[in-house]
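To keep things clear, I will list the structure first and then write my remarks on it.
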Amino acid sequence: MFVEVPAPAVVAPPRVARPSVPRRLLRAAPPYLYVAPALALLVIWTYRPLVQTAQLSFYSWNLLPTSPATPVGLDNYARLFTLPAVGASVWRTLEVIGGLLPFTVVIPVLVGLLTQRIQGRARAVYQAMVFAPLLVAPVASATVWEWLLDPGAGLLNKILGTSTNWLHDATWAQPAIIVITGWHLLGFAVLVVAAGLANINRDYTEAALIDGASRGQITRWITLPLLSPTLVFLVLMTVLLSAQWTFPLIDTITQGGPSGATTNVYYLLWDYSFHSFDAGLGTSAGILLFVVFGLVALVLVWLSEKLAFHDN
Amino acid sequence: MDAVVAERSRWRTVSGHAVLTVLGVLCLFPIYWLYATSLRRPEDVLSLSPLPWPLSLGNYTEAAHLVDVGSLLFNTTLVSLLTALGQLLTGLLAAYAFAAWRFRLQRLCYLLFVGTWLVPFQVTMLPNYVLLLQLGLLNTLAGVIVPNLCSALGVILLRQHLDSFPKELIEASTMDGRSSWATLWTVVVPNLRAPLAALTILLLVTSWNEYFWPALVLQRTNAMLQLGLRSFMISEGTQGTYWGPLMAVAGLACLPIFVLYLVLRRHIVSAFVRSGLK
Numbered sequence: 000m001f002v003e004v005p006a007p008a009v010v011a012p013p014r015v016a017r018p019s020v021p022r023r024l025l026r027a028a029p030p031y032l033y034v035a036p037a038l039a040l041l042v043i044w045t046y047r048p049l050v051q052t053a054q055l056s057f058y059s060w061n062l063l064p065t066s067p068a069t070p071v072g073l074d075n076y077a078r079l080f081t082l083p084a085v086g087a088s089v090w091r092t093l094e095v096i097g098g099l100l101p102f103t104v105v106i107p108v109l110v111g112l113l114t115q116r117i118q119g120r121a122r123a124v125y126q127a128m129v130f131a132p133l134l135v136a137p138v139a140s141a142t143v144w145e146w147l148l149d150p151g152a153g154l155l156n157k158i159l160g161t162s163t164n165w166l167h168d169a170t171w172a173q174p175a176i177i178v179i180t181g182w183h184l185l186g187f188a189v190l191v192v193a194a195g196l197a198n199i200n201r202d203y204t205e206a207a208l209i210d211g212a213s214r215g216q217i218t219r220w221i222t223l224p225l226l227s228p229t230l231v232f233l234v235l236m237t238v239l240l241s242a243q244w245t246f247p248l249i250d251t252i253t254q255g256g257p258s259g260a261t262t263n264v265y266y267l268l269w270d271y272s273f274h275s276f277d278a279g280l281g282t283s284a285g286i287l288l289f290v291v292f293g294l295v296a297l298v299l300v301w302l303s304e305k306l307a308f309h310d311n
Numbered sequence: 002m003d004a005v006v007a008e009r010s011r012w013r014t015v016s017g018h019a020v021l022t023v024l025g026v027l028c029l030f031p032i033y034w035l036y037a038t039s040l041r042r043p044e045d046v047l048s049l050s051p052l053p054w055p056l057s058l059g060n061y062t063e064a065a066h067l068v069d070v071g072s073l074l075f076n077t078t079l080v081s082l083l084t085a086l087g088q089l090l091t092g093l094l095a096a097y098a099f100a101a102w103r104f105r106l107q108r109l110c111y112l113l114f115v116g117t118w119l120v121p122f123q124v125t126m127l128p129n130y131v132l133l134l135q136l137g138l139l140n141t142l143a144g145v146i147v148p149n150l151c152s153a154l155g156v157i158l159l160r161q162h163l164d165s166f167p168k169e170l171i172e173a174s175t176m177d178g179r180s181s182w183a184t185l186w187t188v189v190v191p192n193l194r195a196p197l198a199a200l201t202i203l204l205l206v207t208s209w210n211e212y213f214w215p216a217l218v219l220q221r222t223n224a225m226l227q228l229g230l231r232s233f234m235i236s237e238g239t240q241g242t243y244w245g246p247l248m249a250v251a252g253l254a255c256l257p258i259f260v261l262y263l264v265l266r267r268h269i270v271s272a273f274v275r276s277g278l279k
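Taken in order, these protein sequences are the chains called A and B. Counting from 1, position 85 in the first sequence corresponds to residue 84 in our numbering; the numbering is continuous, with no gaps. Each number in our numbering comes from the position in the second sequence (counting from 1) with 1 added on.
Structure representation (structure tokens):
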């Protein structure tokens, strides 16, 4: 790795003889040494497994060290496209992401616009209140929501006078998981929007006010376009965090059930790998997820760069 | 005319307060209910009175009988401290390399850090699990810590701070004949205290609340708070009698973070929001 590295970017006058090779290596080495520990960890725990996952996706293997993995070509991918569970889980993932958008984009923007005037100490207190759910450990959250939504003695059913089994009923489980995840992320998104709004130069809105624009016009034509990079970021965050936050809730509360009603892609991957011990299926689905994630992120990053020009 | 404008702006302020109050209460209520239930007397656990009165620690003592809370707390603390410290150290070294030098593979290296955003856990879990199995680290705390010793987020955030760090200070220090290692610890780190502290909090909270990896590695021992809580919930079932102790364990699983939050509220909020924005 070090062999081909030339001298560091020292602008040496051309007539001076270049230092000898070992000397140049020595001078080029320090940054690589500093970056090495982090980079090594990254390669071992992120990129090596990514490559191995790609390899395993062409094999059939049951995870037992004693049994060999047999190459099966594209069979795993073919199976993925025929299994009805896969299509259903993709659809449920889209439901989760779509269901989270009100919590991570719509409500935060509305709240942000309605509460721009509140400043100072009161604002800090409100921010502290709405932010707190992000800090709740997911399993603790699962526990308290099991209790709040308990069909017998839970608070919600007592208030509504019903005995719905919100978390373990095929109709309600998925919406319930979405609401709980939304509860975790809502306050964070509110603060992100607030920060985005605070970054918008006041001169634009004041100029528009002087020109006689109404509040609604200002919001529609000035504030929202200037806020659009923040909004794109929030959508990206929703897509990325939906994987991270729904998993512990589903794993603790529903285990993907009842009858698969909460099995989204992230849980299905886990299920294939560690319940069915089908390494081929788990890894090929993982590779597809990686590709889709990459495409979504590319589009959103491209979009946010395009939109970011507004402010210049 | 002015009166109308003033009236309108007052109304806007009042409605703003109303919106935020409702939102704040909705957000806090589940947390309140968690602690309220845990602090009721065991015989009052199913009571729905808004205030837990008379207060009692009965649920906590019962929980301590049913679950080894002490060792769970110790393990979780140990894992999150060591993880955060390791991430801080590897992140600092890497960020220093990016900020203090221009080197050939710099862009590629940096892209590798940024790229981790796109690799969800679920994609890498299987090979990582197999590697831990081969290393004999399954069901050990080391198996939870080691794969998480590098945080790409930490590298990226510290690099952004270091980029605005005055290069003259680093150059002056090397002119004085100090090695880059000495420069890092005597010049850079002392001037980077605030961002380092913010990052430490962020990493601590994240690793404390991490679920996926510990759940995968500690499948048999369940030796961390969230896993202990989960297996308690599954084994005792949610049949009504155990809500008190369950809430007590859940409350303990959140308590250290909330204490930290009460003390360092502003820093925690800004650390999270800024890390999200960048």
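For glycine and all other residues, C-beta sits at the position ideal for the given N, C-alpha and C.
Along chain B, in chain order, which residues have C-beta atoms closer than 7 Å to that of residue i?
i: SER66(A); result: Residues of chain B passing the Cβ test: none, with the nearest at roughly 13 Å.
i: LEU49(A); result: VAL120, VAL124 and THR125
i: VAL135(A); result: ILE32 and CYS255
Going along chain A, which residues have a C-beta under 7 Å from residue i?
i: PRO148(B); result: TRP44
i: TRP244(B); result: TRP146
i: ARG13(B); result: ARG116
i: VAL156(B); result: ALA37
Compare the C-beta of residue i against all C-beta atoms of chain B and say whether one is closer than 8 Å.
i: VAL191(A); result: yes
i: PHE1(A); result: Low per-residue confidence applies at PHE1(A): pLDDT is 47, beneath 50, and the placement is therefore not dependable, though the value from the model is reported in the following sentence. Not an interface residue.
i: VAL34(A); result: yes
i: ILE176(A); result: no
i: TRP171(A); result: no
i: THR375(A); result: Since the first residue shown for chain A is 0 and the last is 311, residue 375(A) is missing from the structure and cannot be characterised.
i: LEU40(A); result: yes
i: THR81(A); result: no
i: VAL110(A); result: yes
i: SER227(A); result: no
Going by DSSP, what residues sit across from residue i in a beta bridge?
i: LEU56(B); result: ARG41(B)
So that I know if they touch, is there some Cβ in chain A lying closer than 8 Å to that of residue i?
i: TYR61(B); result: no
i: GLY25(B); result: yes
i: SER16(B); result: yes
i: ASN210(B); result: yes
i: TYR262(B); result: yes
i: ALA328(B); result: Since the first residue shown for chain B is 2 and the last is 279, residue 328(B) is missing from the structure and cannot be characterised.
i: ASN76(B); result: no
i: LEU21(B); result: yes
i: ASN129(B); result: yes
i: THR222(B); result: no
i: ALA249(B); result: no
i: PHE1(B); result: Any property of residue 1(B) remains undetermined from this structure, which presents chain B solely from 2 to 279.
Taking residue i as the query, report the chain A residues whose CB atoms sit under 9 Å from its CB, ordered along the chain.
i: ARG231(B); result: VAL138, ALA141, THR142, PRO247, ASP250 and THR251
i: LEU29(B); result: MET128, VAL129, ALA131 and PRO132
i: GLY137(B); result: Residues of chain A passing the Cβ test: none, with the nearest at roughly 12 Å.
Kindly list, in the order they appear in chain B, the residues whose Cβ is closer than 8 Å to that of residue i.
i: SER283(A); result: In chain order: nothing, as chain B lies at least about 11 Å away.
i: ALA296(A); result: TRP118 and LEU119
i: PRO29(A); result: ALA98, TRP102 and SER181
i: PHE289(A); result: LEU119, VAL120, PRO121 and VAL124
i: ALA278(A); result: LEU127
Quick one: using the 10 Å Cβ neighbour count with 16 as the cut-off for buried, is residue i buried or exposed?
i: HIS167(A); result: buried
i: ALA198(B); result: exposed
i: PHE191(A); result: In the sequence on display, residue 191(A) carries Val and not Phe. The residue is buried, with at least 16 neighbouring Cβ atoms inside 10 Å.
i: TRP244(A); result: buried
i: MET176(B); result: exposed
i: GLN123(B); result: buried
i: PHE276(A); result: exposed
i: GLY211(A); result: exposed
i: TYR262(B); result: buried
i: ARG231(B); result: buried
i: ASN200(A); result: exposed
i: PRO137(A); result: buried
i: LEU170(B); result: exposed
i: ARG41(B); result: buried
Identify the contact partners of residue i in chain B, using a Cβ-Cβ distance below 9 Å as the criterion.
i: VAL104(A); result: Those within 9 Å of VAL104(A) in chain B number zero; the least Cβ separation is about 14 Å.
Would you say residue i touches the ligand GDP, meaning its beta carbon is less than 7 Å from a heavy atom?
i: PRO36(A); result: Only the bare structure without any ligand can be found here, which leaves the ligand GDP out of the picture.
List, in chain order, every chain A residue whose beta-carbon is nearer than 8 Å to that of residue i.
i: ARG160(B); result: Ordered by position in chain A, no residue passes the 8 Å Cβ test against ARG160(B), which lies about 11 Å from the chain.
i: THR201(B); result: Those do not exist, as THR201(B) stays about 15 Å from chain A at its closest Cβ, beyond 8 Å.
i: TRP54(B); result: Near TRP54(B) there are no residues of chain A at all, since even the closest Cβ is about 17 Å away, more than 8 Å.
Run through the region 164-248 of chain A for me and flag every whole alpha helix (DSSP H) of 4 or more residues, listed as ranges in chain order. 172-197, 201-209, 214-217 and 223-248
Can you list, in chain order, the stretches of the alpha helix (DSSP H) that have 4 or more residues and sit fully within the region 12-70 of chain A? 20-41 and 47-55
Entirely enclosed alpha helix (DSSP H) segments - the region 214-250 of chain B, minimum 4 residues: Listed in chain order, they are 226-237.
Runs of alpha helix (DSSP H) wholly within the region 108-195 of chain B (minimum 4 residues, chain order): 122-136, 142-146, 153-164, 168-176 and 181-184
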